[in-house]
Amino acid sequence: MEALLVKNAGERGAIYNFNTEYLSHVQDKDGVTATFLNLITNTEFSLRAKYLVGMDGAKSRVLEQLGLPLEGVMARAGTVYVTFKADLSQYVQHRPAILQWIVNPEASFGDLGMGLLRAITPWNEWIMGWGFDISKGEPQVTEEQVRARLNAFVGTEVEEVEIQKLSYWYVNQTWATEYSKGRVFCGGDAVHRHPPSSGLGSNTCMQDAFNLGWKLAYAVKGWAAPSLLDSYTTERAPVGKQIVARANQSRFDYKYLKEVFGFDQGVTTQKQMLERIFAEDEQGAEIRQKLFEALEIKNFEFNAQGVELNQRYSSNTVIAESEPEIFEKDEQLYLQATTRPGAKVPHTWLINAKSQKQSTLDITGKGRFTLLTGLSGKGWKQAAEALDLPYLDVTQIGSRDYRDVYGTWNAKSEIHESGAVLVCPDGYVAWRYQDSTNKAFDYENTLKAVLKQVQLVI
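For the record, in the sequence shown the residue sitting at position 421 is 430 according to this note's numbering, with numbers rising by one throughout.
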């Protein structure tokens, strides 16, 4: 991933300094002066910028120096991780997966109550993990103990094991309530610290960067009022808190599986556990029912589209509607596609001028606002052309460029063909208008008022 980021950012003019450590910063009304250490020459140097962004991880020095408030708990649980090389292909190649959960009494401690084998390079490079009691400190683990535990995890003796690294990792449940102060911003793991359960980390960090990136660009270019930057915390801090809660809840929810395994109820071997689960009596039936119910709960970790796709923004860049949104299905499990202001614009397939499928997600963004309308919404297009703004595009769905041949945009847009949906550069809806069929409708002044209300400069 880093190689892709470096390549694409470099092509857009970014300058990278590797082997460099951030030390401190000082900000004033005009900009920020940051001090760094060159780790090769051991010399300090300073850079002056209009803004500083600290996305420097869960031990963020920028956040600490900035004094942004954090809530929650750091290091509430611990895990031992061992990186090793061994050929385990005969056990996993026929059922490939990145994560292998090991139900074993020797790994029954902690939230998960299971051991973990994570594939790094299929199928000979791995990470093995198990929980430990943080109240007793970090356990001193010998190579002999690691090999014994690996044998227990796999179920047989593993030969030719090369142990590379042992480390300790802690489960955090912490989030920032503010993401910026003055001209300095924080994002990524610096402001939401949580376990990888539910797979929310990378997506959330990228969306922080996306949200802040376009707003900084608009502020620097003079396309938006400085107040636009206030919306970064307003929009992203609730998301950070939400995903920290969800990721930790996904770990807590393993307690139901632990009850089925029975390791804290006198079961001391895998053989006993299996006999318990497969018992042909009333107790066995009850345990199997609990197993099915426990697995059903894990849909909130592995099959929950709504956790990320139903995130909603409320800020000075969103012109909210008075009627509250009502979710028809479980808000965490199921995506509810909508063009309501504050929601992500829905994906639907269109057919472009080359007769190729193209998503509505791909005809928006690219650093610009997009006004989506239909063939009878040509007044919006004319208004945008009259304003001639450098940051605004208009797309008429139904035209030869983008045909709604499947009718899915018509079904999901929730507006009349003559209406409009204003989409921010990061794909979130800022505003929508239901119906402009009134012949006296003033497209240009309506559009100007909307753009000003979402902090843009006309």
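We put the CB at the ideal spot given by N, CA and C, even for glycine. Quantities reported herein were computed from a predicted structural model and do not represent experimental measurements.
Scanning Ser422, Gly376, Thr44 and Lys68 for the CA closest to the CA of Arg57 turns up Thr44.
The straight-line gap separating the alpha-carbon atoms of Val432 and Ala161 is approximately 54 Å.
With respect to Pro114, Gln279 sits close: the two C-beta atoms are nearer than 9 Å. With the rule of 3 Cβ pairs closer than 8 Å, the segment 370-384 counts as touching the segment 424-443. As for any alpha helix (DSSP H) of minimum length 4 sitting wholly inside the segment 217-265, the runs are 240-261, ordered along the chain. Arg192 has its alpha-carbon roughly 28 Å from the corresponding atom of Thr373. Going by C-alpha positions, Ala458 is about 44 Å away from Val82. A check of alpha carbon separations from Lys145 across Thr88, Gln102, Leu97 and Thr446 identifies Thr88 as the nearest.
When the Cα atoms are used, Gly119 and Ala86 turn out to be separated by approximately 7 Å. Approximately 16 Å separates the beta-carbon atoms of Glu330 and Pro355; this is outside 8 Å, ruling out the contact. CA-to-CA, the gap between Asn28 and Ile49 works out to about 7 Å. One alpha carbon belongs to Asp410, the other to Thr455, and they sit about 26 Å apart.
Val327 and Lys264 have their C-alpha atoms spaced approximately 40 Å apart.
Considered as a whole, the segment 317-364 harbours 358-361 as its complete beta strand (DSSP E) runs of no fewer than 3 residues, in chain order. For Arg156, the uninterrupted alpha helix (DSSP H) segment begins and ends at Glu152 to Val163.
Contact check between the segment 128-137 and the segment 203-218: fewer than three CB pairs, one atom from each, fall below 8 Å, which does not count as touching. At the C-beta level, Ser207 and Ala246 stay beyond 9 Å of one another.
Linking Ile467 to Asn312 through their CA atoms gives a straight-line distance of about 43 Å. Rounded to whole angstroms, the separation of the alpha carbons of Gly222 and Tyr343 is 29 Å. The beta strand (DSSP E) runs of length 3 or more contained entirely in the segment 62-91 do not exist; there are none. Look at Asp142 here: in three-state DSSP terms it is coil, with no helix or strand label. Boundaries of the alpha helix (DSSP H) harbouring Glu394: Lys387 to Leu396, taken from the DSSP string. Distances from the CA of Gln173 to each of Ala199, Leu209 and Ile136 were compared; the closest alpha carbon is that of Ile136. The distance from the Cβ of Tyr100 to that of Val163 is about 6 Å, consistent with a contact at the 8 Å cut-off. In the three-state DSSP reduction, Ser98 falls in the helix class (H, G or I). Within the same chain, Cβ atoms closer than 8 Å to the Cβ of Glu169 are found at Ala95 and Asp96, the five residues on either side in sequence being excluded. Looking at the DSSP output, Cys195 shares a beta bridge with Gly63. One alpha carbon belongs to Trp184, the other to Glu73, and they sit about 13 Å apart. Distance from the CA atom of Arg377 to the CA atom of Val62, rounded to whole angstroms, is 22 Å.
For Phe311, the uninterrupted alpha helix (DSSP H) segment begins and ends at Asn308 to Phe311. Pairing Leu159 with Gly140 gives a Cβ-Cβ distance that is not under 9 Å. Counted as a single uninterrupted DSSP element, the alpha helix (DSSP H) harbouring Thr417 occupies residues Thr417 to Lys421.
Taking the C-beta atoms as reference points, Val269 is found nearer than 9 Å to Ala303. If you draw a straight line from the Cα of Tyr437 to the Cα of Lys267, it is about 40 Å long. Looking at the DSSP output, Gln173 sits in no beta bridge, so it has no partner there. Put simply, of Asn181, Ser236 and Val71 the residue whose alpha carbon is nearest the alpha carbon of Val41 is Val71.
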